[in-house]
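> Residues 56 to 299 in the numbering used here are what the sequence shown spells out, letter by letter. No residue lacks a Cβ here, since even glycine has one placed at the ideal position from N, Cα and C. Let me give you the structure first, and then I'll get to my questions.
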Amino acid sequence: MSTAPKKLWDIYEGLKNQFLFYNDINSIYILLSLYDLEENISNIRPKYTCTKSIKRRIKYILKNRTNRELIARNISILIHEDINRLELCFYLEGYKYGYNNKKWVDRLENKAIELYGIEGLYDNSYLFHYDFSKPEIIDLRKALRREIDSKEKKDRQIEGLVYTFCNKIIKKKIENLDKYVDKQLKIDFNPYNYSIKEEDYKLKEEEQDKIYHSIVNVIIKNVKDIYKDACWYAINDKVLKRYI
Numbered sequence: 056m057s058t059a060p061k062k063l064w065d066i067y068e069g070l071k072n073q074f075l076f077y078n079d080i081n082s083i084y085i086l087l088s089l090y091d092l093e094e095n096i097s098n099i100r101p102k103y104t105c106t107k108s109i110k111r112r113i114k115y116i117l118k119n120r121t122n123r124e125l126i127a128r129n130i131s132i133l134i135h136e137d138i139n140r141l142e143l144c145f146y147l148e149g150y151k152y153g154y155n156n157k158k159w160v161d162r163l164e165n166k167a168i169e170l171y172g173i174e175g176l177y178d179n180s181y182l183f184h185y186d187f188s189k190p191e192i193i194d195l196r197k198a199l200r201r202e203i204d205s206k207e208k209k210d211r212q213i214e215g216l217v218y219t220f221c222n223k224i225i226k227k228k229i230e231n232l233d234k235y236v237d238k239q240l241k242i243d244f245n246p247y248n249y250s251i252k253e254e255d256y257k258l259k260e261e262e263q264d265k266i267y268h269s270i271v272n273v274i275i276k277n278v279k280d281i282y283k284d285a286c287w288y289a290i291n292d293k294v295l296k297r298y299i
């Protein structure tokens with residue numbers, strides 16, 4: 056890697072880490088600006104998908120607790136901004152990877168020309184971003200996703216960053232849940248009396264471990280899909296950009 060690209064890569068990584076681990080909002084705006092200037096990336100369409108799945112998993116793990124719904128909701132609220140940051144970063148990484156991947160851009164362009172002709176590519180906002188009605192496009196998209204899976208199996212970059220992020224940001228919030236959430240009062244009635252006490256958010260060590268590892272697994276699964284979807288969108292955008 057030459058000096059200039061390495062310096063640019065270091066800037067990207069530094070900004071990404073500031074945003075991910077220190078919630079520095081300015082860093083992501085600078086990063087988005089750099090991506091737009093340096094990579095010509097402009098169509099950013101992140102989808103935040105993890106939180107609902109995480110809430111369902113937590114409720115299942117705590118199925119024997121009467122306050123499982125409350126705990127699941129509080130954990131989801133507590134970590135959703137952290138997870139959104141992670142999802143956005145992986146979306147950007149996937150988009151950048153696809154936008155600069157000439158091999159796949161060329162392959163999609165050739166298929167698009169076969170189907171629509173060159174004239175059909177001018178002045179369009181969308182290509183095959185969401186259109187999977189053509190068997191050849193379905194096959195091409197599947198091949199791209201398989202290649203990304205194969206690459207991830209070798210270098211583990213996605214899993215590695217998720218593990219690091221969750222260990223530094225998410226784990227302490229699960230282990231100290233009662234310190235992070237506002238206490239709520241609970242009223243217990245019986246035929247002769249009633250009592251008012253604070254809701255118990257404390258998790259057993261076994262519950263903490265199960266919830267934490269479940270969260271990590273959900274995030275890994277979802278961000279891999281986010282990365283692959285972003286890559287596909289970027290390849291489509293790059294093909295269309297050739298005909299502006």
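Which residues in the same chain have their Cβ closer than 8 Å to the Cβ of D186, if we skip the five residues on either side of it in sequence?
The residue labelled residue 186 in the question sits at position 131 within the sequence shown. So the list reads I192, once near-sequence residues are dropped.
> Quick check on T106: buried or exposed, where buried means 16 or more other Cβ atoms within 10 Å of its Cβ?
Along the sequence shown, one-based indexing puts residue 106 at 51. T106 counts as buried, since at least 16 other C-beta atoms from the protein chains shown sit within 10 angstroms of its C-beta.
> With 16 other CB atoms within 10 Å as the buried threshold, where does Y181 fall?
Counted from its first residue, the sequence shown places residue 181 at position 126. Under this definition Y181 is an exposed residue.
> Could you give the first and the last residue of the continuous alpha helix (DSSP H) run that contains R162?
As a position in the sequence shown, residue 162 is number 107, starting the count at 1. That run of the alpha helix (DSSP H) goes K157 to Y171.
> Going by DSSP, what residue range makes up the alpha helix (DSSP H) through C105?
Indexing the sequence shown from 1 puts residue 105 at position 50. From DSSP, the alpha helix (DSSP H) with C105 extends over C105 to I116.
> If you follow the alpha helix (DSSP H) that E174 is in, where does it begin and where does it stop?
Translated into the one-based positions of the sequence shown, residue 174 becomes position 119. Unbroken run through E174: none, as it is neither H nor E.
> Compare the beta carbon distance of I213 and I113 with 8 Å and say whether it is the shorter of the two.
Along the sequence shown, read from residue 1 onward, the residue named residue 213 stands at position 158. Along the sequence shown, read from residue 1 onward, the residue named residue 113 stands at position 58. Not closer than 8 Å, so no.
> Pairing CB atoms from the region 133 to 141 with CB atoms from the region 72 to 80, are three or more of them under 8 Å?
yes
> Consult DSSP for R201 and reduce its assignment to one of helix, strand or coil.
Working through the sequence shown from its first residue, we reach residue 201 at position 146. Residue state, collapsed to three classes: helix.
> What does a CB cutoff of less than 8 Å around A167 pick up in its chain, not counting 5 residues either side in sequence?
Taking the sequence shown and counting its residues from 1, one reaches residue 167 at position 112. So the qualifying residues of the chain are G175, L176, L182, F183 and V294.
> Would DSSP call T219 helix, strand or coil?
For the purposes of this step, residue 219 is taken as residue 164 along the sequence shown, with counting starting at 1. Of the three classes helix, strand and coil, the one that applies to T219 here is helix, per DSSP.
> State buried or exposed for D210, treating a residue as buried only when at least 16 other CB atoms are found within 10 Å of its CB.
Within the sequence shown, residue 210 is the residue found at index 155, counting from 1. Label assigned to D210: exposed.
> Exposed or buried, which one is Y150 when buried takes at least 16 other CB atoms within 10 Å?
Here residue 150 is taken as the residue at index 95 of the sequence shown, counted from 1. Y150 should be labelled buried.
> Taking just the CA atoms, how far does V217 sit from I274?
Mapped onto the sequence shown, residue 274 falls at position 219. Mapped onto the sequence shown, residue 217 falls at position 162. Straight-line Cα distance between these residues: approximately 7 Å.
> Rank K102, I83 and T219 by C-alpha distance to the C-alpha of V278 and give the top, closest one.
Numbered from its first residue, the sequence shown carries residue 278 at position 223. Minimum Cα distance to V278 is reached at K102.
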